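Residue numbers (our numbering): 316 to 847.
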């Protein structure tokens with residue numbers, strides 16, 4: 316087991332923030348270039364392999380172990396990637412002599428030269444040389460349910476870099492998104508051997524400012540002479556950056572999503588950094604988030620897609636006007652500059668529009684606005700007029716978001732969770748009634764600290780009626796089954812689901828004792844929420 320695999324394994328179950336930062340910092344201090352840079356790229360998700368379908372991963376192991384043993388093991392373990400890591404034959408003497416398990420530099424180099432069709436052979440060669448811990452890490456990157464997430468939250472990686480180099484997290488965040496592995500220039504700067512590295516992008520991402528919950532603010536604090544209010548639109552927070560002949564669109568985490576929205580890049584004809592909300596807007600109406608999701612993640616977008624799913628940005632703030640940094644200015648001045656910038660550069664096609672401010676006389680007026688929010692919004696934000704733009708969560712900005720809705724649904728399927736939840740059934744599929752039959756409305760996780768976690772797991776174990784690999788189907792009839800109370804943020808259309816919709820931000824509140832399955836919600840009740 317190499318140091319990278321040991322680190323990734325120790326961080327896999329999400330230890331406390333300080334423990335994660337400390338372990339990452341210690342690794343950076345004791346690991347040379349370029350290994351540490353490639354390790355950070357893999358941990359933070361900056362480098363990811365092509366998707367490896369579960370069937371291909373299963374085929375790799377079937378060629379090496381008895382298929383019946385594989386089926387029984389997967390059924391017991393509950394996760395294919397974990398099963399492969401445990402069952403894969405250990406390295407032979409000849410394989411061990413080739414240099415042991417692959418390290419970060421070899422992994423990144425191999426992935427850079429590997430197409431999707433070559434990945435199974437490449438991965439099998441690495442697994443042949445690896446111990447179980449290294450195999451688990453490789454499979455988390457390539458095939459497990461965690462594949463599309465970073466092994467470690469990128470914000471913790473940046474925090475560890477800041478701690479390692481004695482600089483601010485904001486400074487690291489400003490540089491990080493414009494650098495490439497193995498980050499040699501970044502480490503040279505952090506160790507005092509060179510100046511700050513130059514970004515690869517002429518149009519760089521800027522760390523964002525976030526509001527705190529409005530409920531925490533005393534009523535007297537929301538003086539309309541001191542605060543401005545505006546709706547928070549139901550889309551994706553973005554930065555549109557145009558500078559030095561380059562134009563880029565970033566989400567709030569700093570991921571570059573420019574390729575999916577060439578129409579927005581073409582709409583901005585003036586230099587600046589715009590903070591706003593990305594939405595799909597047709598005939599003046601904000602579309603469902605599912606429409607936005609259909610454009611996100613694409614490397615190319617056709618003219619037909621642009622026409623059918625027109626993207627717009629509701630602008631909240633202006634961080635740069637040309638080369639001028641406006642972040643030290645108070646919000647009232649930035650707002651005036653934003654209005655002027657949009658008048659000069661927003662265009663007439665409605666791609667870039669101003670998010671209007673809301674008039675209010677007192678806290679009571681704000682409460683009345685909150686009680687009747689318009690469609691296409693998910694909350695309300697109050698900003699101090701004298702607030703400068705400072706990255707992170709600030710009490711100068713306060714937000715209220717719609718109260719989470721609740722509904723009763725019936726448990727239909729379950730599988731074991733991940734990490735600390737790998738021994739209990741914590742990934743649930745629930746359904747509601749339509750025409751006398753249950754239809755699934757999506758997967759819902761159970762939190763590790765949920766009071767009813769053990770009771771839900773016990774019900775699953777005692778009421779299995781069918782098995783599909785690691786998935787358990789449980790009894791779900793009108794008078795027999797388990798009713799769960801769910802909390803969720805909203806309902807959105809999902810054409811690929813049998814129900815035609817799905818819940819957004821859903822979580823399990825708990826079991827509804829004494830509630831019969833046939834008393835759970837009807838699909839029509841959720842359909843009524845699609846436009847609210």
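Note that the Cβ used here is the ideal one computed from N, Cα and C, for glycine as well. Since the model is a prediction, treat every value here as computed from it, not as a measurement.
For residue i, report the span of its alpha helix (DSSP H) as first-last.
| i | result |
| --- | --- |
| residue 486 | 484-491 |
| residue 653 | 646-660 |
| residue 342 | 332-345 |
| residue 572 | Taken as a continuous stretch (DSSP letters only), residue 572 belongs to no alpha helix (DSSP H), as it is neither H nor E. |
| residue 498 | Where residue 498 is concerned, there is no enclosing alpha helix (DSSP H), given that its DSSP letter is neither H nor E. |
| residue 360 | Where residue 360 is concerned, there is no enclosing alpha helix (DSSP H), given that its DSSP letter is neither H nor E. |
| residue 395 | 395-402 |
| residue 773 | 768-777 |
| residue 425 | 419-427 |
| residue 320 | 318-326 |
| residue 632 | Looking at the DSSP string, residue 632 is not in any alpha helix (DSSP H); the run it does join, the beta strand (DSSP E), is 626-636. |
| residue 383 | 382-392 |
Measuring only the C-alpha atoms, how far is residue i from residue j?
| i | j | result |
| --- | --- | --- |
| residue 741 | residue 383 | 26 Å |
| residue 463 | residue 652 | At residue 463, the pLDDT of 47 sits below 50, so the modelled position is not reliable and the matter cannot be decided from this model. |
| residue 691 | residue 341 | 46 Å |
| residue 457 | residue 435 | 10 Å |
| residue 715 | residue 673 | 14 Å |
| residue 683 | residue 627 | 28 Å |
| residue 678 | residue 808 | 34 Å |
| residue 736 | residue 763 | 7 Å |
| residue 405 | residue 364 | 23 Å |
| residue 643 | residue 327 | 39 Å |
| residue 540 | residue 528 | 20 Å |
| residue 845 | residue 837 | 14 Å |
| residue 784 | residue 747 | 24 Å |
| residue 385 | residue 376 | 8 Å |
| residue 711 | residue 804 | 25 Å |
| residue 433 | residue 615 | 23 Å |
| residue 317 | residue 559 | 43 Å |
| residue 304 | residue 731 | Only positions 316 to 847 of the chain appear in this structure, which leaves residue 304 out of reach. |
| residue 581 | residue 571 | 16 Å |
| residue 579 | residue 637 | 18 Å |
| residue 705 | residue 567 | 14 Å |
| residue 423 | residue 538 | 54 Å |
| residue 787 | residue 774 | 11 Å |
Excluding the 5 residues preceding and the 5 following residue i in the sequence, name in chain order all residues of the same chain whose CB lies nearer than 6 Å to its CB.
| i | result |
| --- | --- |
| residue 569 | 492, 520 |
| residue 461 | Because the pLDDT of residue 461 is 42, which lies under 50, any placement of that residue in the model is unreliable, and the number read from its coordinates should be weighed accordingly. These residues qualify, in order along the chain: 455. |
| residue 610 | 575, 624 |
| residue 323 | 452, 466 |
Quick one: residues in its chain with C-beta nearer than 7 Å to the C-beta of residue i, no 5 flanking neighbours on either side, listed in chain order?
| i | result |
| --- | --- |
| residue 440 | none |
| residue 487 | 473, 476, 477 |
| residue 759 | 743, 745, 801, 821, 822, 823 |
| residue 817 | 756, 757, 807, 809 |
| residue 557 | 518, 583, 585, 586, 587 |
Within 10 Å of its beta-carbon, does residue i have 16 or more other beta-carbons around it, so buried, or fewer, so exposed?
| i | result |
| --- | --- |
| residue 841 | buried |
| residue 702 | buried |
| residue 646 | buried |
| residue 416 | buried |
| residue 565 | buried |
| residue 600 | exposed |
| residue 724 | buried |
| residue 597 | exposed |
| residue 345 | exposed |
| residue 449 | buried |
Considering just the uninterrupted stretch of the beta strand (DSSP E) at residue i, what are its terminal residues?
| i | result |
| --- | --- |
| residue 468 | Premise fails: residue 468 is in no beta strand (DSSP E) and is neither H nor E. |
| residue 616 | Careful: residue 616 lies outside any beta strand (DSSP E) and carries neither H nor E. |
| residue 552 | 551-558 |
Give every residue of the same chain whose Cβ lies closer than 8 Å to the Cβ of residue i, excluding the five residues on either side of it in the sequence, and list them in chain order.
| i | result |
| --- | --- |
| residue 360 | 464, 465, 466, 469 |
Which whole runs of the beta strand (DSSP E) in the region 578-610 are 3 residues long or more, in chain order? 587-597
Return the chain-ordered ranges of every alpha helix (DSSP H) run that is complete within the region 648-728 and spans a minimum of 4 residues. 678-686
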